[in-house]
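Residue numbers (this note's numbering): 299 to 605.
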């Protein structure tokens, strides 16, 4: 059984009896890095989500024919520049983020001047490399490596094109940013959707695999029962956020007050340029659902109050 306590990329975990290795990022794949998966068959090899650590190290330990991107976020694209000869693919909804920096920025939906500031950081801190030749794939597309296949499973919500990848016959399911972290699901971008994310978690729970590989934190989970138990805790964070929001709305509050209060991040969290943007996008998704169900009312003043 593979260890899940590895802290640096220097240790690559090979899943015994499979053609799959997991390159664990620094501090268990903690953002801004992530975990990367390599799959090798009899006539091909591919890499899923080359991280910053892969970029720094200079590529994977073997030749790579294809790079698959689970979704259009900076920490999953950082190592793309290390594989100029490999073909590169992402889901049709997210592939524009590989074509141009502007396409990636559209995923976040940040207003100016935040958009321009973040663009600079994507280039300097995350080594963004455009790939005009990147192609799109659809849900269920199969990549045949010879005696081993990788099937794309669309799991939207985190981004529109967020995908997992099922490796067969090995029974390895890369679940990307359904990462089982204590932080919980992230749906803080223009291309995020809270209820799509919930449906994606439902779908991932139905996939019977031997091993589940997350992009961050947990790393490798063995067995469907263990995965679903961790998934339930991960998902419960959404309900906890809604309860905190409802409690805060015992008095009428503006969206600015809700953002400052912090529903997604810990109260008082600052220092990240996009944190207010993420809080507002996420809070508006919760408010939309809570007003639809009658738990919250939007007042004529533009404030929100719990019912």
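For every residue, glycine included, the Cβ atom is placed at its ideal position computed from N, Cα and C. Model, not experiment: these values are computed from the prediction.
Close beta carbons around residue i, own chain, < 6 angstroms, minus the five adjacent residues each side
{"i": "residue 540", "result": "584"}
{"i": "residue 310", "result": "319 and 321"}
{"i": "residue 340", "result": "444 and 445"}
{"i": "residue 420", "result": "372 and 426"}
Within 7 angstroms, strictly: CB atoms of residue i and residue j
{"i": "residue 374", "j": "residue 332", "result": "yes"}
{"i": "residue 459", "j": "residue 397", "result": "no"}
{"i": "residue 457", "j": "residue 369", "result": "yes"}
{"i": "residue 429", "j": "residue 362", "result": "no"}
{"i": "residue 393", "j": "residue 436", "result": "no"}
{"i": "residue 454", "j": "residue 494", "result": "yes"}
{"i": "residue 468", "j": "residue 316", "result": "yes"}
{"i": "residue 395", "j": "residue 405", "result": "yes"}
{"i": "residue 561", "j": "residue 581", "result": "yes"}
Close beta carbons around residue i, own chain, < 7 angstroms, minus the five adjacent residues each side
{"i": "residue 593", "result": "544, 604 and 605"}
{"i": "residue 499", "result": "476, 529 and 533"}
{"i": "residue 547", "result": "594, 602, 603 and 604"}
Alpha-carbon to alpha-carbon, residue j and residue i
{"i": "residue 567", "j": "residue 576", "result": "12 angstroms"}
{"i": "residue 586", "j": "residue 474", "result": "27 angstroms"}
{"i": "residue 552", "j": "residue 504", "result": "40 angstroms"}
{"i": "residue 555", "j": "residue 485", "result": "20 angstroms"}
{"i": "residue 610", "j": "residue 549", "result": "Coverage of the chain is limited to positions 299 through 605, which leaves residue 610 absent and any answer about it impossible."}
{"i": "residue 461", "j": "residue 410", "result": "29 angstroms"}
{"i": "residue 477", "j": "residue 383", "result": "30 angstroms"}
{"i": "residue 426", "j": "residue 452", "result": "24 angstroms"}
{"i": "residue 366", "j": "residue 345", "result": "6 angstroms"}
{"i": "residue 466", "j": "residue 602", "result": "49 angstroms"}
{"i": "residue 588", "j": "residue 356", "result": "47 angstroms"}
Nearest-angstrom beta carbon gap, residue j and residue i [assumed within contact, 8 angstroms]
{"i": "residue 351", "j": "residue 324", "result": "6 angstroms"}
{"i": "residue 470", "j": "residue 528", "result": "About 16 angstroms separates the two Cβ atoms, so there is no contact after all."}
{"i": "residue 399", "j": "residue 413", "result": "In fact, because the Cβ distance is near 11 angstroms, the residues do not count as touching under 8 angstroms."}
{"i": "residue 557", "j": "residue 490", "result": "The pair is not a contact, with the Cβ atoms about 16 angstroms apart (cut-off 8 angstroms)."}
Residue-level contact to chain C via CB, residue i, 7 angstroms cutoff
{"i": "residue 317", "result": "The structure shown contains no chain C; it holds only a single protein chain."}
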